[in-house]
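**Student:** Here it is: the structure, laid out below.
Number of protein chains: 2
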Amino acid sequence: MLSHKAKYALKALLYLAEQDENHISKTIEIADGANIPKKFLEQILLDLKRGRFVSSKQGKFGGYYLIKSKNEITLAEIHRLFDGAIALLPCASLNFYEPCSDCKTEEECSLRHGLMLIRDETLKAMQGITIASLIKK
Amino acid sequence: MLSHKAKYALKALLYLAEQDENHISKTIEIADGANIPKKFLEQILLDLKRGRFVSSKQGKFGGYYLIKSKNEITLAEIHRLFDGAIALLPCASLNFYEPCSDCKTEEECSLRHGLMLIRDETLKAMQGITIASLIKK
DNA sequence: TCTATTCCCTAGTAGATTGATAGAATTTAT
DNA sequence: ATAAATTCTATCAATCTACTAGGGAATAGA
């Protein structure tokens with residue numbers, strides 16, 4: 001399941017993607033528009049900035065705007081940024097790999113192979129969902 | 001990610017599936033064989049019993065045994081029993097549906113449609129992974 | 001019937017995580 | 001200078017996770 005953070009991040013990106021080109025959105029606008037607690041959203045936007053999905057302008061008339069195309073921001077990336085691994089166990093993960101503590105030998109893990117298949121399928125599906133694809137007509 | 005409970009459940013089922021037909025396995029055997037804390041495993045086996053994956057014999061020489069074919073126990077079922085919904089949000093879930101609290105109208109949820117696509121893909125993949133398929137030769 | 005052995009059941013608990021909120025510092029336009 | 005915005009750090013209650021503890025109930029064999 002997605003955390004609220006990840007869900008709010010997607011909704012915020014969706015909000016930004018629906019604005020006119022060159023429009024800068026204040027946190028409070030996004031919060032109201034996408035129904036997200038404002039102070040919580042502040043943190044999320046900072047994370048999105050660190051992840052290079054958005055950039056910001058400080059001071060009066062400042063705010064946030066997309067710096068990555070809405071066609072190139074995928075659910076997979078947002079999941080990884082906020083909720084970590086896409087795989088079901090760390091030992092089956094590409095980006096968050098860790099060995100199992102309870103598997104005797106490295107290749108002894110009985111679940112690893114099957115979970116890597118799941119990871120590949122899920123990842124492929126999640127890479128197919130972009131912010132653009134979520135915008136309904 | 002899978003909880004330890006779900007991971008241990010899979011390993012325990014795998015252990016049971018590898019035993020001879022009609023063999024009854026004590027909790028301690030499974031715990032030692034699959035490297036799972038014994039008291040924790042007790043709870044997990046009870047959950048698996050309530051879920052009709054295994055049955056048990058009480059008293060001396062008692063233990064646990066599979067009552068569902070290893071070809072018919074899927075990762076999807078174990079995930080749902082221990083970790084709940086497979087979908088990334090409750091509003092996109094088949095078995096654990098709940099409406100979003102932060103989406104204004106029911107059909108307003110911008111994420112629901114995309115997440116249902118992911119759910120279908122993930123579910124299909126998870127239904128393809130059975131205990132039998134995890135047993136390596 | 002006694003005893004050893006096993007499953008069954010209910011509580012409790014330390015530690016981590018989640019979903020926020022609070023408040024002040026910093027930056028910028030006018 | 002001042003107002004308006006982002007940025008940063010800290011805090012916090014509630015929940016969840018991964019166990020552990022301790023007994024009760026059932027069963028087989030002596």
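Chains A and B supply the protein sequences, listed in that same order.
Just so we're aligned, residue 1 is where the first sequence starts under the UniProt record's numbering, counting upward by one.
Just so we're aligned, residue 1 is where the second sequence starts under the UniProt record's numbering, counting upward by one.
Just so it is clear, CB atoms sit at the ideal spot from N, CA and C, and this is done for glycine as well.
1. Taking Cβ positions, are Glu18 of chain B and Ile135 of chain B nearer each other than 8 Å?
2. Give a yes or no on whether 8 Å exceeds the smallest Cβ distance from Met126 of chain A to chain B.
3. Would the stretch 114-128 of chain A count as touching the stretch 110-129 of chain B if we require 3 or more Cβ pairs under 8 Å?
4. Under 9 Å, CB to CB, which of the residues in the stretch 16-29 of chain B have a partner in chain A?
5. Nearest-angstrom Cα distance between residue 162 of chain B and Lys39 of chain B?
6. Can you tell me whether Ile67 of chain A is buried or exposed? The criterion is at least 16 other CB atoms within 10 Å of its CB, across all chains shown.
7. What residue does the beta strand (DSSP E) around Gly63 of chain A start on, and which one ends it?
8. Is there a Cβ of chain B sitting closer than 8 Å to that of Glu72 of chain A, yes or no?
9. Would you check if there are 3 or more beta carbon pairs closer than 8 Å linking the stretch 71-82 of chain A to the stretch 19-32 of chain A?
10. In chain order, what residues of the same chain lie with their CB nearer than 7 Å to the CB of Ser3 of chain A, ignoring the 5 residues before and after it?
11. DSSP three-state call for Ser133 of chain A: helix, strand or coil?
12. For Met1 of chain A and Leu111 of chain B, which I take to be in contact (beta-carbon distance under 8 Å), what is that distance rounded to the nearest angstrom?
13. With a threshold of 16 other CB atoms inside 10 Å of the CB of Tyr15 of chain A, please say whether the residue is buried or exposed.
14. For the alpha helix (DSSP H) containing Lys5 of chain B, list its first residue and its last residue.
15. Between which two residues does the beta strand (DSSP E) harbouring Lys57 of chain B extend?
16. Please list, in chain order, the chain B residues whose beta carbon lies closer than 7 Å to that of Ile85 of chain A.
17. Tell me, please, whether the CB atom of Ser69 of chain A is closer than 8 Å to any CB atom in chain B?
18. Assuming Tyr65 of chain A and Ser25 of chain A form a contact by the criterion Cβ under 8 Å, report the distance between their Cβ atoms to the nearest whole angstrom.
19. For a contact defined as C-beta to C-beta under 9 Å, what are the partners of Asn95 of chain B on chain A?
20. Quick check on the DSSP output: the alpha helix (DSSP H) that includes Asp20 of chain B runs from which residue to which?
21. In the DSSP output, what is Thr74 of chain B paired with across the bridge?
**Tutor:** Considering the structure as presented:
1. Translated into the one-based positions of the second sequence, residue 18 of chain B becomes position 18. Translated into the one-based positions of the second sequence, residue 135 of chain B becomes position 135. Result yes, Cβ atoms of Glu18 of chain B and Ile135 of chain B sit closer than 8 Å.
2. Residue 126 of chain A sits at position 126 when you count from the first residue of the first sequence. Yes, because at least one Cβ of chain B sits closer than 8 Å to the Cβ of Met126 of chain A.
3. yes
4. none
5. A question about residue 162 of chain B goes unanswered here, because the residues of chain B that appear run from 1 up to 137.
6. Locating residue 67 of chain A in the first sequence gives position 67, counting from the first residue. Flag for Ile67 of chain A reads exposed.
7. Counting from 1 along the first sequence, the entry for residue 63 of chain A is found at position 63. Where Gly63 of chain A is concerned, the enclosing beta strand (DSSP E) starts and stops at 63-66.
8. For the purposes of this step, residue 72 of chain A is taken as the residue at position 72 of the first sequence. No - not a single Cβ of chain B is within 8 Å of the one on Glu72 of chain A.
9. no
10. Translated into the one-based positions of the first sequence, residue 3 of chain A becomes position 3. If we look at Ser3 of chain A and ignore the five residues flanking it on each side, its Cβ neighbours are Phe82, Asp83.
11. The residue you call residue 133 of chain A lines up with position 133 of the first sequence. It is helical.
12. For the purposes of this step, residue 1 of chain A is taken as residue 1 along the first sequence, with counting starting at 1. For the purposes of this step, residue 111 of chain B is taken as residue 111 along the second sequence, with counting starting at 1. Contact between Met1 of chain A and Leu111 of chain B does not hold, since their C-beta atoms are separated by about 12 Å, which reaches or exceeds 8 Å.
13. Here residue 15 of chain A corresponds to residue number 15 of the first sequence, with the count starting at 1. Looking at its Cβ environment, which holds 16 or more other Cβ atoms inside 10 Å, Tyr15 of chain A is buried.
14. As a position in the second sequence, residue 5 of chain B is number 5, starting the count at 1. Start and end: 4-17.
15. Along the second sequence, one-based indexing puts residue 57 of chain B at 57. Taken as a continuous stretch (DSSP letters only), the beta strand (DSSP E) holding Lys57 of chain B covers 54-57.
16. Along the first sequence, read from residue 1 onward, the residue named residue 85 of chain A stands at position 85. Going by the sequence as given, residue 85 of chain A is Ala instead of Ile. What Ala85 of chain A touches in chain B: Met1.
17. Within the first sequence, residue 69 of chain A is the residue found at index 69, counting from 1. No, Ser69 of chain A does not count as interfacial toward chain B.
18. Residue 65 of chain A sits at position 65 when you count from the first residue of the first sequence. Residue 25 of chain A sits at position 25 when you count from the first residue of the first sequence. Contact flag correct, Cβ pair sits at about 7 Å.
19. For the purposes of this step, residue 95 of chain B is identified with residue 95 of the second sequence, where counting begins at 1. In chain order: nothing, as chain A lies at least about 13 Å away.
20. Counting from 1 along the second sequence, the entry for residue 20 of chain B is found at position 20. First-last for Asp20 of chain B: undefined, no H or E at that position.
21. Sequence index remark: in the second sequence, residue 74 of chain B carries index 74 (1-based). BP columns for Thr74 of chain B point to B:Thr130.
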